[in-house]
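Colleague: Residue numbers (this note's numbering), protein chains in the order written: chain R, 668 to 1001; chain D, 668 to 1001. We put the beta carbon where it would ideally sit given N, CA and C, even for glycine. Questions regarding the structure given below will be posed in turn.
Protein chains: 2
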Amino acid sequence: MNVAIVGASGAVGQELLKVLDQTNFPVDNLKLFGSSRSAGTKYTWRGSEYTVIELQDNDDFKDIDIAFVSAGASTSKKYADTITRHGALMIDNSSAFRMNEDVPLVVPEVNGDDAFNAPRRIIANPNCTTIQMVVALKPIMDLAGIERVHVATYQAASGAGAQAMQELIDQYADIAAGREPKVEKFAHQLAYNIIPHVDVFMPNGYTKEEMKMFNETRKIMHAPDIRVSATCVRVPVLRAHSEAVWVQTKRPVDIAQVRRAMSQAEGVVMMDDPEANEYPMPLDLQGCNPVYVGRLRADLADDCGLTFWCVSDQIRKGAALNAVQIALYMIAKK
Amino acid sequence: MNVAIVGASGAVGQELLKVLDQTNFPVDNLKLFGSSRSAGTKYTWRGSEYTVIELQDNDDFKDIDIAFVSAGASTSKKYADTITRHGALMIDNSSAFRMNEDVPLVVPEVNGDDAFNAPRRIIANPNCTTIQMVVALKPIMDLAGIERVHVATYQAASGAGAQAMQELIDQYADIAAGREPKVEKFAHQLAYNIIPHVDVFMPNGYTKEEMKMFNETRKIMHAPDIRVSATCVRVPVLRAHSEAVWVQTKRPVDIAQVRRAMSQAEGVVMMDDPEANEYPMPLDLQGCNPVYVGRLRADLADDCGLTFWCVSDQIRKGAALNAVQIALYMIAKK
């Protein structure tokens, strides 16, 4: 297969290179694209050197089979036609096309077959916070249906990119050295702080990130009646997002049953032994693939409810890994 | 008034000294008590020097009117009789007596008058996470009743004491210098991490901290039917706890009405201007007295629901300040 990565120098682009290698993705030729700023940068992959090409509206995608695109929504919109017009499949990490009716929004463990219905040759990769939540919700949905979800997130700096991660590290170094920390990538200082604000605010008081969890969950799970209320919060963690989730099921359900279903669910790893102080934590799970679930218990506030805690690496399952898994799912099913 | 502080060298004890001064508390004589380890330590307060006396089972509390006690549940249990037997009123920060029927559990803005019904001369100060939540819930309760609450916390290191705060600072300094960080006060490294575990686990899968939010809310609000499901999480912040709260009211309620009621509520400060990136954050609110509320909006998942974000300094309103406010409430109403 001829593979392109658009946004190769970004945090997700770099992870895509790793994931393609680690999953033994069948790559015949590889092309790396980026902005004029990163054009010319060289990366070594599987022993060969690749130079980043400037993304332009030309015929560079003529022989490409699959393009993994992670360069922001405006770039995706601007270059979608350039990328797909010769037949390449565009797997897009941005929010540009996620809610378009003619673009499937895919998490392979949940709705992999939707990937085959992509009339525009564009498949959208969902938002990171939504991906890890729906992987964990899928077995519950199958078991008892889902009425409603409350979710509070604890989102790592990685969600804002590689430079944001560096800013957090620099802030702690500055504070330790008695210097004033610099604030550029986030609205406020993130070191020693918690910021209840991810993405821009909408007229209803929710942020765009929170509304993504509402809308994307419905589309991925084919459940237009699920109601999700999210509070998305940035925390001073480098990688891996955490979520406290409450689920109201349509039918009453036994926690032991849910535990069994989650243990067997694809993409989920139960890490739930409170007596041994075992539960998922972001520091331990950086660079890991699964969605880790712990603290599973009945919802004391709802007879039809349960609650759990989940952690997953935002750059892997939340972005690069899920994109590659979509392609692998399609190859396997062909 | 003759005032004693038990646990004077701790994080809360030190804050009690500040709060007594800042509130112009009527102190005629002051006695500081502590463990054998801290006995002999000297502190200056309002220009005079005080030496910490070792807490022992003797008559040292004979002339004391009010004793603010913050030295852990086992010390409170062991010395409650020593402290109260000559008539001193014990305002206890620990969990030792909170759920006892003959001990009132008081947040002045919510149930101040309960303080006058203390047959054992003991008044309990609630858990920090509960205090800030019930102050914010009170105007909602008055407006529309409360059926159910979901709450995810973002708790600062301060909740585990002064040494835990220092451990967090040391961990960041060690990491910045390339040294292995030391872990003693928490179950795991807290720097760059999120730990979904505060206090010990109970058989139902909730932690003791989470069950405090369930039980104490009922007692303080005189609402034995409120159902609270909490997930309590430690975050790498020094002081001030944050909470994402979803409330289901008994009667439908308009958000504008709730906003008005919260703006006028005692102890609450609305900080809610998303367009100006204004919402409460722990870094900004260290050392402040009120409970700050922001991100108030309708619950998209519940027609009778609303959700908000609140932040308050755990050592002040969550501990020292609330204890002193109980005493001031009683003095004012006498």
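Just the Cα atoms here: how many angstroms apart are Lys1033 of chain R and Gln830 of chain D?
Modeller: Chain R is shown only over 668 to 1001; residue 1033 of chain R falls outside these bounds and no answer can be derived.
Colleague: According to DSSP, Leu722 of chain D sits in a beta bridge with which residue or residues?
Modeller: In the second sequence, residue 722 of chain D corresponds to position 55, counting from 1. For Leu722 of chain D, which the question treats as bridged, DSSP gives no partner whatsoever.
Colleague: Closer than 7 Å by C-beta to Ala706 of chain D: which residues in its own chain qualify, once you throw out the five before and the five after it? Chain order, please.
Modeller: By one-based count along the second sequence, residue 706 of chain D stands at place 39. Closer than 7 Å at the Cβ level, and outside the excluded window around Ala706 of chain D, lie Val719, Ile720 and Glu721.
Colleague: Is the CB of Phe881 of chain D under 8 Å away from at least one CB in chain R?
Modeller: Along the second sequence, read from residue 1 onward, the residue named residue 881 of chain D stands at position 214. Output row for Phe881 of chain D: interface = yes.
Colleague: Just the Cα atoms here: how many angstroms apart are Leu973 of chain R and Ala999 of chain D?
Modeller: Sequence index remark: in the first sequence, residue 973 of chain R carries index 306 (1-based). Sequence index remark: in the second sequence, residue 999 of chain D carries index 332 (1-based). For Leu973 of chain R and Ala999 of chain D, the distance between alpha carbons rounds to 45 Å.
Colleague: For Ala827 of chain D, tell me which candidate among D:Ala678, D:Asn882, D:Val686 and D:Ala911 has the shortest Cα-Cα distance.
Modeller: Walking along the second sequence from the start, residue 827 of chain D turns up at place 160. Closest by alpha carbon: D:Ala678.
Colleague: Do Met929 of chain R and Val960 of chain R have their beta-carbon atoms positioned less than 8 Å apart in this structure?
Modeller: As a working mapping, residue 960 of chain R is identified with position 293 in the first sequence. As a working mapping, residue 929 of chain R is identified with position 262 in the first sequence. Yes, these two residues count as a Cβ contact at 8 Å.
Colleague: Using a Cβ-Cβ cutoff of 7 Å, what residues of the segment 927 to 953 of chain R are near chain D? List them in chain order.
Modeller: Correct list: Pro941, Glu942, Asn944, Tyr946, Met948, Pro949 and Leu950.
Colleague: Report buried or exposed for Glu814 of chain R, applying the criterion of at least 16 other Cβ atoms within 10 angstroms of its Cβ.
Modeller: Translated into positions along the first sequence, residue 814 of chain R becomes position 147. Counting Cβ neighbours within 10 Å, Glu814 of chain R comes out buried, since at least 16 surround it.
Colleague: List, in order along the chain, the chain D residues whose C-beta lies closer than 9 Å to that of Phe868 of chain R?
Modeller: On the first sequence, position 201 is the one that residue 868 of chain R refers to. Under the 9 Å cutoff, chain D gives Pro941, Glu942 and Asn944.
Colleague: Give me the chain R residues within the contact set of Gln856 of chain D, using Cβ-Cβ distance strictly less than 7 Å, ordered along the chain.
Modeller: On the second sequence, position 189 is the one that residue 856 of chain D refers to. Correct list: Leu950.
Colleague: Can you tell me whether DSSP reads Val960 of chain D as helix, strand or coil?
Modeller: Taking the first residue of the second sequence as 1, we reach residue 960 of chain D at position 293. Here Val960 of chain D sits in strand by DSSP.
Colleague: Would you call the segment 938 to 949 of chain D and the segment 912 to 925 of chain D touching, i.e. three or more CB-CB distances under 8 Å?
Modeller: Contact fails: fewer than three Cβ-Cβ distances are below 8 Å.
Colleague: Output needed for Cys955 of chain D: all residues of its chain with C-beta closer than 6 Å, excluding positions within five of it in sequence on either side, in chain order.
Modeller: Along the second sequence, one-based indexing puts residue 955 of chain D at 288. Correct list, in chain order: Asp980.
Colleague: Does DSSP classify Gln915 of chain D as helix, strand or coil?
Modeller: Numbered from its first residue, the second sequence carries residue 915 of chain D at position 248. Strand, per DSSP.
Colleague: For the beta strand (DSSP E) holding Asn975 of chain D, just list the boundary residues, first then last.
Modeller: On the second sequence, position 308 is the one that residue 975 of chain D refers to. Per the sequence shown, the amino acid found at residue 975 of chain D is Phe instead of Asn. Gly972 to Ser979 is the extent of the beta strand (DSSP E) around Phe975 of chain D.
Colleague: Measuring alpha carbon to alpha carbon, tell me which of D:Lys886, D:Cys977, D:Val670 and D:Asp809 ends up nearest Val920 of chain D.
Modeller: Taking the second sequence and counting its residues from 1, the one referred to as residue 920 of chain D is at position 253. Comparing Cα-Cα distances from Val920 of chain D to each of D:Lys886, D:Cys977, D:Val670 and D:Asp809, the minimum goes to D:Asp809.
Colleague: Find out if the Cβ-Cβ distance for the pair Leu652 of chain D, Arg787 of chain D is shorter than 8 Å.
Modeller: Outside the shown range of chain D (668 to 1001) lies residue 652 of chain D, about which nothing can therefore be said.
Colleague: Applying a beta-carbon distance threshold of less than 9 Å, which residues of chain D neighbour Ser909 of chain R?
Modeller: The count along the first sequence starts at 1 and reaches residue 909 of chain R at position 242. Those are Ile861, Pro863 and Val900, listed as they occur along chain D.
Colleague: Have a look at Leu697 of chain D and Val670 of chain D and give me their C-alpha separation to the nearest angstrom.
Modeller: Residue numbering aside, residue 697 of chain D sits at position 30 when the second sequence is read from its first letter. Residue numbering aside, residue 670 of chain D sits at position 3 when the second sequence is read from its first letter. Those two C-alpha atoms are separated by around 5 Å.
Colleague: Starting from His817 of chain D, find everything on chain R with Cβ-Cβ shorter than 7 Å and list it in chain order.
Modeller: Locating residue 817 of chain D in the second sequence gives position 150, counting from the first residue. Per Cβ cutoff of 7 Å: His817, Trp913 and Ala968.
Colleague: Answer with yes or no whether the minimum CB distance from Leu905 of chain D to chain R is below 8 Å.
Modeller: On the second sequence, position 238 is the one that residue 905 of chain D refers to. Yes, its Cβ sits closer than 8 Å to a Cβ of chain R.
Colleague: Note down, in chain order, every chain R residue with its Cβ under 8 Å from the Cβ of Arg962 of chain D.
Modeller: The count along the second sequence starts at 1 and reaches residue 962 of chain D at position 295. Those are Pro863, Gly872 and Thr898, listed as they occur along chain R.
Colleague: My understanding is that Ala994 of chain D touches Ile733 of chain D, with C-beta atoms under 8 Å, so please give their C-beta distance in whole angstroms.
Modeller: One-based indexing of the second sequence puts residue 994 of chain D at position 327. One-based indexing of the second sequence puts residue 733 of chain D at position 66. That belief holds up - the Cβ atoms of Ala994 of chain D and Ile733 of chain D are roughly 5 Å apart, short of 8 Å.
Colleague: Checking 8 Å against the spacing of the C-beta atoms, do Val816 of chain D and Val958 of chain D come in under that value?
Modeller: Reading the second sequence from its first residue, position 149 is the one you call residue 816 of chain D. Reading the second sequence from its first residue, position 291 is the one you call residue 958 of chain D. Taking 8 Å as the Cβ cut-off, Val816 of chain D and Val958 of chain D do not qualify as a contacting pair.
Colleague: What would DSSP say about Gln856 of chain R, mapped onto helix, strand or coil?
Modeller: The sequence position of residue 856 of chain R within the first sequence is 189, counting from 1. Coil at Gln856 of chain R, not helix or strand.
Colleague: Residue range of the alpha helix (DSSP H) that Phe881 of chain R falls in?
Modeller: Mapped onto the first sequence, residue 881 of chain R falls at position 214. Element bounds for Phe881 of chain R: Lys875 to Ile887.
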